[in-house]
Amino acid sequence: MSGKLFIIGLGPGDDAMQTPRAAQALASATDLVGYGPYVDRAPHVAGQVRHVSDNREELDRARHALTLAAQGRIVAVLSAGDAGVFGMASAIFEAIDQGEPAWRALEVEVVAGVSAMFAAAARIGAFLGHDFCAISLSDNLKPWELVLRRLRAAAETGFVIALYNPLSRARPWQLNAAFELLRGVLPPQTPVVFATAVSRADERIDIVDLAEADPNRADMRTLVMIGTAATRRIAREGRAPWVYTPRFAGDSGG
Ligand code: SAH
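First residue of the sequence shown: 766, per the numbering used here; consecutive thereafter.
Listed below in structure tokens is the structure:
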């Protein structure tokens, strides 16, 4: 019996934004492995076993999934958005890299998904229209000083920045510290997007100036994006503006 491991990005929330390949893989799996709210998004399949875990035990969860696949099960490991963007894909390959030699012979398929930054940018225009980067504000796996260095370098050299994991109960102060640093580098009118629960029923998207960006608008389900000096708004009568970053280099390149 030969097992298989799917590493699946479920997209931002709405099933219409999940790829057909992800749906096929979910339907074919004998076992689902993931954080509870992600496993809840998979349609029920008779006989399928669900292994639900806490969101913080990523490496343990990866080893568990690999062990099941090595026993011949067809295992789907689930992430929101794209599994390679602050998701389970790296944890799986770390576990393979450090783990059982037999795991290298397993069939592994990474199924791409629509990451939160693509879903959020698409709602409002073309915010990521030129060079951009994604930074996780979580300092679980890296020192906070490194986060600040990366933010400064990205802002000084004209990258649009997508901030994942902007805050949590354990670290409510980080987003404010990030805004304070960015206010020292970018013009006060730089557009900042708070995109919460994109593609879900309670989606909310606010666009404000960096000078007025209030970290209290964000929660764990918010993606925060910061534009460059070149990012522009197109005002519209009675409707939300479009916001886009033009294809030519901005003047924020230091
Ligand atoms: N792999 C995921 C990211 C997981 S990290 C992806 O590619 O999207 C978790 C963070 O992702 C959250 O704190 C939030 O910043 C962002 N996020 C995930 N889904 C989101 C959604 N539907 N709307 C807004 N942000 C989302």
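Glycine residues also receive a C-beta, built at the ideal position from the N, C-alpha and C atoms.
Beta-ladder partner(s) of residue i, from DSSP
i, result
"residue 990", "927 and 958"
"residue 998", "1008"
"residue 800", "818"
"residue 846", "776"
"residue 948", "DSSP, once it has assigned bridges, lists no residue as partnering residue 948."
"residue 769", "839 and 872"
"residue 936", "933"
Cβ-based neighbour list, residue i, same chain, cut-off 6 Å, excluding 5 preceding and 5 following
i, result
"residue 874", "771"
"residue 936", "none"
"residue 851", "901 and 929"
"residue 765", "Since the first residue of the chain shown is 766 and the last is 1019, residue 765 is not available in this structure."
"residue 779", "964"
"residue 896", "924"
"residue 955", "975 and 992"
"residue 957", "973, 975, 978 and 991"
Assigned secondary structure, residue i (DSSP; H/G/I helix, E/B strand, else coil)
i, result
"residue 912", "helix"
"residue 879", "coil"
"residue 890", "strand"
"residue 1017", "Its pLDDT being 49, under 50, residue 1017 is placed unreliably by the model, and nothing is read from it."
"residue 855", "helix"
"residue 831", "helix"
"residue 823", "helix"
"residue 905", "coil"
"residue 860", "helix"
"residue 917", "helix"
"residue 1064", "No answer is possible for residue 1064: the residues shown for the chain start at 766 and end at 1019."
"residue 966", "coil"
Same chain only: Cβ atoms within 7 Å of residue i, ignoring 5 sequence neighbours per side
i, result
"residue 806", "775"
"residue 834", "768, 769, 770, 840 and 871"
"residue 913", "946"
"residue 953", "974, 975 and 976"
"residue 814", "795 and 796"
"residue 987", "931, 959, 960 and 961"
"residue 884", "777, 782, 963 and 964"
"residue 1006", "972, 998, 999 and 1000"
Limits of the unbroken beta strand (DSSP E) element including residue i
i, result
"residue 777", "Taken as a continuous stretch (DSSP letters only), residue 777 belongs to no beta strand (DSSP E), as it is neither H nor E."
"residue 786", "No beta strand (DSSP E) holds residue 786; the alpha helix (DSSP H) holding it covers 785-793."
"residue 706", "Absent from the model: residue 706. The displayed extent of the chain is 766 to 1019, so no value can be given."
"residue 974", "969-974"
Contact test: residue i Cβ vs ligand 2 heavy atom, cutoff 8 Å
i, result
"residue 905", "Within the structure as shown, ligand 2 is missing, the only ligands being ligand 1."
Contacts around residue i, its chain only, beta-carbon distance under 8 Å, and the 5 residues preceding and following it disregarded
i, result
"residue 1019", "Residue confidence for residue 1019 is low, a pLDDT of 42 falling below 50, so the modelled location carries little weight; the figure read from the coordinates is stated next. The answer, listed in chain order, is 921, 922 and 923."
"residue 940", "902, 928, 931, 932, 980, 983 and 989"
"residue 1009", "890, 891, 892, 894, 996, 997 and 999"
"residue 876", "771, 772, 773, 774, 784, 786, 787, 790 and 848"
"residue 855", "849"
"residue 792", "808 and 810"
Where the alpha helix (DSSP H) containing residue i begins and where it ends
i, result
"residue 806", "Segment: none, residue 806 is in no alpha helix (DSSP H) and carries neither H nor E."
Within-9 Å CB hit, residue i to chain B
i, result
"residue 990", "In summary, chain B is missing from the structure at hand, where a single protein chain is found."
Check your understanding: Pairing CB atoms from the region 823-833 with CB atoms from the region 855-863, are three or more of them under 8 Å?
Key -> yes
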